[in-house]
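Right, one structure below, let's go through it.
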């Protein structure tokens with residue numbers, strides 16, 4: 001009976017030693033490249049075609065992005081030069097159009113807050129009065145432009161006092 005116990009202990013020691021052994025061994029680092037080349041040569045290791053076209057597609061996309069960025073930079077520089085070369089009359093035309101568009105947006109938003117309903121027209125007329133005064137200063141003898149400046153100034157004052165009530 002003593003032999004059976006001794007045999008069971010011996011078998012347990014063998015099982016423990018076998019469990020500690022590695023199940024599979026990795027090839028040494030210096031052999032990995034040679035193994036990879038051999039597997040590719042024998043076509044046992046093939047790079048999937050999707051990786052190849054994806055890489056090419058990414059290169060084309062990157063080139064396209066760089067091209068588009070270059071176009072955008074060129075356009076921005078061109079626009080900057082063009083705007084610097086515009087005449088003051090063209091600037092007045094552009095900003096006047098923007099002013100009218102802003103007034104239209106303000107009119108659409110008039111149903112908004114009470115501050116927009118009170119301050120919006122006052123700000124719009126103040127800008128109009130300042131513009132009318134500048135235009136009237138071009139030709140001080142033009143009575144119509146002088147009257148326009150006076151009316152715009154009066155409207156600004158009227159709206160200013162209305163907002164303070």
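Residue numbers (the numbering used here): 1 to 165.
Positions of the beta carbon are idealized from the N, C-alpha and C atoms, including for glycine.
This structure is a prediction, so every number in the text was calculated from the model and none was measured.
To the nearest angstrom, report how far apart residue i and residue j are at their CA atoms.
i, j, result
"residue 157", "residue 93", "26 Å"
"residue 149", "residue 133", "5 Å"
"residue 87", "residue 75", "20 Å"
"residue 40", "residue 30", "17 Å"
"residue 131", "residue 142", "15 Å"
"residue 12", "residue 32", "37 Å"
"residue 10", "residue 42", "47 Å"
"residue 68", "residue 80", "18 Å"
"residue 95", "residue 89", "10 Å"
"residue 20", "residue 38", "32 Å"
"residue 25", "residue 34", "17 Å"
"residue 59", "residue 71", "19 Å"
"residue 16", "residue 5", "17 Å"
"residue 119", "residue 97", "21 Å"
"residue 65", "residue 73", "12 Å"
"residue 77", "residue 104", "31 Å"
"residue 18", "residue 57", "51 Å"
Less than 7 Å between C-beta atoms, sequence neighbours within five positions excluded: which residues of the same chain meet that for residue i?
i, result
"residue 127", "99"
"residue 146", "136"
"residue 159", "121, 122, 125"
"residue 23", "none"
Take residue i and list the residues in its own chain whose beta-carbon comes closer than 6 Å to its own, dropping the five residues that flank it on each side.
i, result
"residue 155", "125"
"residue 165", "The predicted model places residue 165 with a pLDDT of 45, which falls under 50 and marks its position as unreliable, so this point remains unresolved."
"residue 106", "120"
What distance in whole Å lies between the Cβ atoms of residue j and residue i, which are believed to be in contact at a cut-off of 8 Å?
i, j, result
"residue 129", "residue 152", "4 Å"
Excluding the 5 residues preceding and the 5 following residue i in the sequence, name in chain order all residues of the same chain whose CB lies nearer than 8 Å to its CB.
i, result
"residue 139", "145"
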